[in-house]
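Encoded as structure tokens, the structure appears first; notes follow it.
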Amino acid sequence: MPSPLGLLFILLGTTIVLLVVILVRPSLTATIGGKVLAFLAFCALPVLCGVWGLSEHFERSKQTNFCLSCHIMEPYGRSLYVDDVNHIPAAHFQNHRIPVDEACYTCHTNYAMYGTVGVKLHGLRHVYVEYLGTPMNPIHLYEPFNNRECLHCHAGARSFENEIHTPMMDQLKSNQLSCVSSGCHDTVHNIDSLNKFKQWRATE
Amino acid sequence: MKVDQLGFPWAFQISGILLLLGLSTEAVSLFWVHPIAFIAFFVFGGTFLAVGVLLFLYSLVLFPSSSHPQDLRKN
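Protein sequences, first through last, are from chains C and A. Read in order, the letters of the first sequence correspond to residues 1 to 204 in the numbering used here. Read in order, the letters of the second sequence correspond to residues 1 to 75 in the numbering used here.
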């Protein structure tokens with residue numbers, strides 16, 4: 001059974017062949033069957049290909065290597081391999097607390113209604129700034145990191161809802177107290193000090 | 001020589017060419033995992049596909065069945 005991407009390529013190829021056949025032999029559309037074929041080739045299949053392609057690109061844009069394909073993100077990619085348990089992204093990435101293939105997206109998406117659309121629009125802004133504008137130096141988030149993204153996974157977990165976190169849960173949920181900038185878990189990507197730490201390498 | 005005389009209304013031909021360009025752009029963009037590939041697909045592929053499909057639908061109105069190649073030959 002071909003993969004979804006393989007099926008998409010088969011559909012693209014079929015549509016292209018149908019289009020070429022009808023363009024080369026327009027007389028085929030003289031019959032009712034030919035008209036249906038023309039409608040499929042000129043309308044239904046291209047729309048299906050476009051929607052499927054968009055969905056495929058959306059899924060790809062969640063991949064870690066997609067985010068790290070821009071030069072400016074390279075040190076952030078290296079920060080995932082810092083051999084230090086206090087580095088929050090590295091600890092999550094190396095211990096598979098997040099899917100390693102979607103490491104950036106998992107923490108930097110927006111776990112709210114239409115959050116995915118919002119982060120995709122942010123992504124388009126990143127591309128605009130990277131190629132047509134002037135990237136921030138140093139780069140930083142457009143908005144402060146929302147605790148909601150941490151609590152999406154940690155809330156309700158036995159190891160999290162302990163005597164340390166439970167008393168401050170209301171403040172955490174309302175973002176009055178930030179998980180990452182209130183002195184508790186504030187060693188995040190810290191790209192300025194990456195060279196001070198050894199890099200971890202996964203064994204093959 | 002008019003395009004119509006080649007056997008297919010011009011709008012269908014342009015629509016077909018735009019769709020071929022759009023589908024080709026989409027196919028090429030799927031070989032590359034990079035923001036530029038997404039932009040190429042979204043901006044160029046999406047535009048070609050959308051204009052191609054809309055032109056096809058518009059041409060159904062522009063060239064009703066009486067101007068079908070087969071009927072043109074009868075005339």
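We treat Cβ as the ideally placed atom computed from N, Cα and C, and that holds for glycine.
For C:Q199, the secondary structure class from DSSP, reduced to helix, strand or coil, is strand. DSSP, reduced to helix, strand and coil, places C:V188 outside both helices and strands of the structure shown, so it counts as coil. C:D84: not part of any alpha helix (DSSP H); DSSP gives it neither H nor E. In the DSSP assignment, A:W10 falls within the alpha helix (DSSP H) that extends over 10 to 29. Setting aside the 5 residues that flank it on each side, C:W52 is surrounded in the same chain by L8, each with a C-beta closer than 6 Å to its C-beta; the list follows chain order. Separation of C:A38 and C:L19 (C-alpha to C-alpha, rounded to the nearest whole angstrom) is 8 Å. The C-beta of A:F56 comes closer than 8 Å to at least one C-beta of chain C. The C-beta of A:I39 comes closer than 8 Å to at least one C-beta of chain C. Classified as buried, C:P46 has 16 or more neighbouring CB atoms from the shown chains inside 10 Å of its CB. Looking from the CA of C:S69, the closest CA among C:E130, C:G115, C:G6, C:Y114 belongs to C:E130. Residues of chain A whose Cβ lies closer than 7 Å to the Cβ of C:C70 are, in chain order, P35. Judged by DSSP secondary structure, C:D170 falls within the alpha helix (DSSP H) whose first and last residues are 169 to 173. At least one CB atom of chain A sits nearer than 8 Å to the CB of C:H57. Put simply, of C:V127, C:L5, C:L80, C:Y128 the residue whose alpha carbon is nearest the alpha carbon of C:I191 is C:L80. Under the three-state reduction of DSSP output, C:Q94 falls in the helix class. Of C:R97, C:P75, C:T116, the smallest CA-CA separation from C:V85 is found for C:R97.
The three-state secondary structure of C:N147, taken from DSSP, is helix.
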